[in-house]
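**Student:** Residues in the sequence shown are numbered consecutively from 1, following full-length UniProt numbering.
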Amino acid sequence: MGKVDFGVLYGQKTTEDALLIYSSYEDAKASPQTGDFIVLTPKDEGNTKYLARVEAEIYDEDPIFKSQDKTLIAVHYARIAERELSERDKQKMFSYTYKVRILGTFTDSGSKISFTTAVRKLPVVSYIARHLNKREIESILNKTNENGVEIGYLCVGETVFEDKGPILFDIRKLRNKRTIVFAQSGFGKTNLVKVLLYHMTRDTSYGKLIFDLNGEYFLRGTATYGLGDINENPIRDNVVVYTDKKLPEIYTKQNRFVFGGKVALNMHKHLAVGDILNFGTGFSEVMKSFLLYLDEDGVSNFIENIDEYVRNPSRLHIDFSDFFGEQKKDSKGNVKEDVSARKTR
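In structure tokens form, the structure reads like this:
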């Protein structure tokens, strides 16, 4: 698909960031959807062009358009569009009001497209409104990802623009950064992450740990594939899966990835007191004070010996007497339960 005109800019609402565009009957068939990238450009495609994104279409009739003779508008439109309008076009002129966000400006020298996010003035009335072409997508949307991997195609609503070429993303940008994928439910967040992971498995220069609570990344879904469905060596050799879920037979027979068994964690060795404080709840004041005491004093062997403390609680008073104090005994020499403890900050 080349450039597709869908209207002519004839004004801007003063009350909000909305552009007023009118279209002929035929051109209106190419009108943009919410989320579409559009270009506002002089008819001769010279000078500065504007890149914008449609955020909403406002359904109210513009008073300027309503008060004018549509025949005169059709004549004006034909002059700007530089083509004859059919009789149907002359009788059916449409006014559209789009709320847009102007993302930047660019110039096209023929050999190079130069894009900047700086917008010093608004587009001129009578500019043509059209869709992005393939070359502009490659030069603007993929500008900082020339060496990236293909993650899909530009998609607006249910329309997939395969003819405009793939969208690229440099997955090296994800290293040593916190990244969140935002989208509404059902808009493909999981699929996007799966595509990124698929490409990341090929780079073994750094490790990746994936917490896949529901198995949606490596297992097949109702309408999507998982990493386990990809019969390729980088997945087979580099992906290790720990799970207690039942794996599909085809995964195990064809060795689609390395199966590491169930998730196993040596809590005595790897769990720290700080972890308990960060993730645990429901502690009594005495227990919380005790854990804070252990954490502040840097006691490292408490978790390692916790089984012994459970079997023989009196050892706590022996090993941590500076916190609990000496154990009290009754007249018969039996140990009395003592819930008091040293106050901590």
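For every residue, glycine included, the Cβ atom is placed at its ideal position computed from N, Cα and C. It should be emphasised that the depicted structure is a prediction, and the values quoted were computed from it without experimental measurement.
1) Exposed or buried, which one is residue 290 when buried takes at least 16 other CB atoms within 10 Å?
2) Just verifying my parser: in three-state terms, what is the DSSP assignment at residue 64?
3) Could you spell out the range, first to last residue, of the alpha helix (DSSP H) harbouring residue 324?
4) Starting from residue 274 and walking both ways along the alpha helix (DSSP H), at which residues does that stretch end?
5) To the nearest angstrom, how far is the alpha carbon of residue 63 from that of residue 127?
6) Determine the extent of the beta strand (DSSP E) in which residue 53 is found, giving its start and end residues.
7) In the DSSP assignment, find the unbroken beta strand (DSSP E) run with residue 217 in it and report its ends.
8) Could you check how far apart the C-beta atoms of residue 38 and residue 130 are, in whole angstroms? I think they sit under 8 Å.
9) Would you call the CB atoms of residue 202 and residue 228 closer than 8 Å?
10) Express the C-alpha separation of residue 277 and residue 298 in angstroms, rounding to a whole number.
11) Cα separation between residue 232 and residue 45?
12) To test your reading of the DSSP string, which unbroken alpha helix (DSSP H) runs of 4 or more residues are found completely within the region 164-229?
13) Output yes or no for whether 8 Å exceeds the beta carbon distance between residue 195 and residue 217.
14) Tell me the rounded alpha-carbon separation between residue 270 and residue 33.
15) What's the gap between the Cα of residue 170 and the Cα of residue 146?
16) Find out if the Cβ-Cβ distance for the pair residue 183, residue 189 is shorter than 8 Å.
17) What's the gap between the Cα of residue 9 and the Cα of residue 58?
18) For residue 251 versus residue 230, is the C-beta distance shorter than 8 Å?
19) If you compare alpha carbons, which of 48, 123, 97, 55 is closest to residue 113?
20) Since I believe residue 18 is in contact with residue 99 (beta carbons under 8 Å), could you give me their beta-carbon distance rounded to a whole number of angstroms?
21) Could you give the residue range of the beta strand (DSSP E) that holds residue 252?
22) Decide if residue 36 is buried, meaning its Cβ has at least 16 other Cβ atoms within 10 Å, or exposed.
23) Helix, strand or coil for residue 405 per DSSP?
24) Can you say whether residue 52 is buried or exposed, counting buried as having 16 or more other CB atoms within 10 angstroms of its CB?
**Tutor:** In short, the structure shows the following:
1) Mapped onto the sequence shown, residue 290 falls at position 290. Around the beta-carbon of residue 290, 16 or more other beta-carbon atoms lie within 10 Å, marking it buried.
2) Indexing the sequence shown from 1 puts residue 64 at position 64. Summary for residue 64: the model assigns pLDDT 48, below 50, so the residue's position carries little reliability; its value from the coordinates is reported in the next sentence. The answer is helix: DSSP assigns residue 64 an H, G or I state.
3) The count along the sequence shown starts at 1 and reaches residue 324 at position 324. Residues 321-324.
4) Taking the first residue of the sequence shown as position 1, residue 274 is located at position 274. Residue 274 -> alpha helix (DSSP H) spans 273-279.
5) As a position in the sequence shown, residue 63 is number 63, starting the count at 1. As a position in the sequence shown, residue 127 is number 127, starting the count at 1. Unreliable placement is indicated for residue 63, whose pLDDT of 49 sits below 50; the coordinate value is still reported in the next sentence. The alpha-carbon atoms of residue 63 and residue 127 are separated by roughly 20 Å.
6) For the purposes of this step, residue 53 is taken as the residue at position 53 of the sequence shown. Note, residue 53: beta strand (DSSP E), 49-58.
7) Counting from one through the sequence shown, the residue named residue 217 turns up at place 217. Where residue 217 is concerned, there is no enclosing beta strand (DSSP E), given that its DSSP letter is neither H nor E.
8) Taking the first residue of the sequence shown as position 1, residue 38 is located at position 38. Taking the first residue of the sequence shown as position 1, residue 130 is located at position 130. Going by Cβ atoms, the distance from residue 38 to residue 130 rounds to 7 Å, so yes, they are a contact pair.
9) The count along the sequence shown starts at 1 and reaches residue 202 at position 202. The count along the sequence shown starts at 1 and reaches residue 228 at position 228. In this structure, residue 202 sits away from residue 228, with a CB-CB distance that is not shorter than 8 Å.
10) Here the question's residue 298 lines up with position 298 in the sequence shown. Here the question's residue 277 lines up with position 277 in the sequence shown. Whole-angstrom Cα-Cα distance: 14 Å.
11) Residue 232 sits at position 232 when you count from the first residue of the sequence shown. Residue 45 sits at position 45 when you count from the first residue of the sequence shown. Across the structure, residue 232 and residue 45 are spaced so that their CA atoms are roughly 46 Å apart.
12) 189-200
13) What you label residue 195 is simply residue 195 of the sequence shown in a count that begins at 1. What you label residue 217 is simply residue 217 of the sequence shown in a count that begins at 1. For the 8 Å CB-CB criterion, residue 195 and residue 217 do not form a contact.
14) Working through the sequence shown from its first residue, we reach residue 270 at position 270. Working through the sequence shown from its first residue, we reach residue 33 at position 33. Roughly 52 Å separates the two Cα atoms.
15) Here residue 170 refers to the residue found at position 170 of the sequence shown. Here residue 146 refers to the residue found at position 146 of the sequence shown. Residue 170 and residue 146: Cα-Cα distance of roughly 8 Å.
16) Start at 1 with the first residue of the sequence shown, and residue 183 comes out as number 183. Start at 1 with the first residue of the sequence shown, and residue 189 comes out as number 189. Yes, they are a contact pair.
17) Reading the sequence shown from its first residue, position 9 is the one you call residue 9. Reading the sequence shown from its first residue, position 58 is the one you call residue 58. Here the alpha carbon of residue 9 sits roughly 15 Å from the alpha carbon of residue 58.
18) For the purposes of this step, residue 251 is taken as the residue at position 251 of the sequence shown. For the purposes of this step, residue 230 is taken as the residue at position 230 of the sequence shown. Their beta carbons are not under 8 Å apart, which means residue 251 does not touch residue 230 by this criterion.
19) Position 113 of the sequence shown, counted from the start, is the residue given in the question as residue 113. Nearest C-alpha to residue 113: 48.
20) The residue you call residue 99 lines up with position 99 of the sequence shown. The residue you call residue 18 lines up with position 18 of the sequence shown. Yes, residue 99 and residue 18 are in contact; Cβ-Cβ is about 5 Å, under 8 Å.
21) Here residue 252 refers to the residue found at position 252 when the sequence shown is read from its first residue. Unbroken run through residue 252 is the alpha helix (DSSP H), 249-253; no beta strand (DSSP E).
22) Position 36 of the sequence shown, counting from 1, holds the residue named residue 36. Classification for residue 36: buried.
23) Any property of residue 405 remains undetermined from this structure, which presents the chain solely from 1 to 345.
24) Position 52 of the sequence shown, counted from the first residue, corresponds to residue 52. For residue 52, the number of other beta carbons within 10 angstroms of its own is at least 16, and it is reported as buried.
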